[in-house]
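I have placed the structure first, in the form of structure tokens, so that the comments after it can refer back to it.
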Amino acid sequence: MGTRLDDTVLDQLFSAARTAHAFTDQPLPAGTLQKLYELACWGPTAFNAQPARFVFVQSEAGKSQLIPSLSPGNVAQVKAAPLTVIVAYDQRFHEFLPRVFKGYDAKPLYDNAPELIESTAFRNSTLQGAYLLMAARALGLAVGPMSGFNAAVLEQEFFPDGRYRANFLMNIGYPAASGNLPRNERLRFDEAVTVI
């Protein structure tokens, strides 16, 4: 902690990184799935609640299950990517709080509080998905996050008991040159930031 990363590392993680829309057929190295999670799991969440649940879809059978829920424009890239991640959240994440958060008993805050459960789980699983995205970039992989899918169709297929809810999807792999779209503009500092 406290050591500034080299600019080349920052470029890989942020300014030089691109959203991948097409992928080569190069497979992910052995151990990549575990390494992705082992890096991402250390990112902070409220009460260390860790509500995200990740479904790593690699097999043809898994992709076949996923495709009916996708927006048409996302089908080809999901087929091509060696890994598609369903970033979901557990609506019973608070049951783990006595184990993962020792500061005080936070579980009663969520007992019989479905709106708080939903907002906490959605917000923090979004953070965890972003941590996974950055872990993939740190490992030299390209990422294409997607929100173009029918959550109800996906959840019926993958989470029929209703405990998990889908947040977003992300493809991970090695980028194909054909997937590089023109770089889009970012808002300027003064357009996005207020300093008070």
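Counting with this note's numbering, you get residues 277 to 472 for the letters of the sequence shown.
Where a beta carbon is used, it is the ideal one built from N, C-alpha and C, also for glycine.
8 Å Cβ cutoff met for residue i and residue j
i: Asn443; j: Thr321; result: no
i: Phe323; j: Val361; result: no
i: Ala468; j: Ala298; result: no
i: Gly420; j: Asn447; result: yes
i: Arg368; j: Arg439; result: yes
i: Asn456; j: Arg294; result: yes
i: Phe434; j: Gln326; result: no
i: Thr308; j: Leu415; result: yes
Separation of residue j from residue i, as counted between CA atoms
i: Ala296; j: Ala411; result: 15 Å
i: Thr402; j: Val363; result: 8 Å
i: Ser335; j: Leu408; result: 20 Å
i: Ser347; j: Asp282; result: 38 Å
i: Pro303; j: Phe372; result: 34 Å
i: Ala337; j: Lys355; result: 11 Å
i: Tyr450; j: Asn388; result: 44 Å
i: Glu391; j: Ser423; result: 22 Å
i: Gln353; j: Val333; result: 13 Å
i: Asp437; j: Gly319; result: 28 Å
i: Tyr365; j: Cys317; result: 14 Å
i: Thr300; j: Leu286; result: 24 Å
Residue i - containing alpha helix (DSSP H), residue span
i: Tyr450; result: Careful: Tyr450 lies outside any alpha helix (DSSP H) and carries neither H nor E.
i: Val376; result: 373 to 376
i: Asp283; result: 283 to 286
i: Gly385; result: According to the sequence shown, residue 385 is Leu rather than Gly. Where Leu385 is concerned, the enclosing alpha helix (DSSP H) stretches over 383 to 386.
i: Asp466; result: 465 to 468
Where residue i falls, given that 16 or more other Cβ within 10 Å makes a residue buried
i: Gln432; result: exposed
i: Phe425; result: buried
i: Gln310; result: exposed
C-beta neighbour in chain C for residue i, strict 8 Å
i: Thr321; result: Included in the structure is just one protein chain, with no chain C present.
* To do: Mind listing, in chain order, the continuous alpha helix (DSSP H) runs of no fewer than 4 residues lying wholly within the segment 317 to 363?
  => Fully enclosed alpha helix (DSSP H) runs of 4 or longer: 336 to 342, 351 to 356.
* At 4 residues or longer, and completely inside the segment 395 to 446: list those alpha helix (DSSP H) runs for me, N to C. => Scanning the segment 395 to 446 from its first residue to its last, the whole alpha helix (DSSP H) runs of 4-plus residues come out as 427 to 434.
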